[in-house]
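**Student:** Pasting a structure here, questions to come.
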Ligand SMILES: [Zn+2]
C-alpha cells in the first residue's frame, strides 16, 4: 500500500466516524492513538470451512499503538473499492 492509499483510508475512516459524532477510539483500551497499517489484510472466504487457496477479501487494518489491537475495515464500505484489483474474469489475457 502506498502512503497516499494509507492517507485515503485514514481520511475515509475519519469522515465516516465524524458523521456518527464519535471520536476514533480503540474498542479494547479506549486509546486514541490509532494508525492505518501499511499493508492490506486478506481474509480468505468460502462456502465451506476447508482451508483452500481461493477468493480473499482485501481490507484495511487499523492498529492501536497502545495495546496492539488490530481492526479490519471493508474498503468497499469506506468508498475505496477502486483500490481493489479487478476480478479475475476482467483481468486481460497474457496469451
Ligand atoms: Zn488499544
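In this note's numbering, the protein residues as written are 177 to 271.
Note that beta-carbon positions come from the ideal geometry of N, C-alpha and C, so glycine has one too.
(1) Quick one: measure Cβ to Cβ for residue 260 and residue 188, integer angstroms, because I've assumed they're closer than 8 Å.
(2) Is residue 242 close to ligand 1? I mean its beta-carbon at under 7 Å from any heavy atom of the ligand.
(3) Using the three-state DSSP reduction, which class does residue 248 fall into: helix, strand or coil?
(4) Does ligand 1 have even one heavy atom less than 7 Å from the beta-carbon of residue 177?
(5) Using the beta-carbon count (16 or more within 10 Å), is residue 184 buried or exposed?
(6) Per DSSP, which residues does residue 236 bridge with? Please list them.
(7) For residue 235, is the classification buried or exposed, using 16 other Cβ atoms within 10 angstroms of its Cβ as the cut-off for buried?
**Tutor:** Looking at the atomic coordinates:
(1) Taking the chain shown and counting its residues from 1, one reaches residue 260 at position 84. Taking the chain shown and counting its residues from 1, one reaches residue 188 at position 12. Contact between residue 260 and residue 188 does not hold, since their C-beta atoms are separated by about 14 Å, which reaches or exceeds 8 Å.
(2) Translated into the one-based positions of the chain shown, residue 242 becomes position 66. True, at least one ligand heavy atom lies under 7 Å from that Cβ.
(3) Numbered from 1 along the chain shown, position 72 holds the residue referred to as residue 248. Correct three-state label for residue 248: strand.
(4) One-based indexing of the chain shown puts residue 177 at position 1. Because no heavy atom of ligand 1 lies under 7 Å away, the Cβ of residue 177 does not count as near it: no.
(5) Translated into the one-based positions of the chain shown, residue 184 becomes position 8. Residue 184 should be labelled buried.
(6) Position 60 of the chain shown holds residue 236. Bridge pairing for residue 236: 216, 249 [DSSP].
(7) Locating residue 235 in the chain shown gives position 59, where the first residue counts as 1. Buried is the call here.
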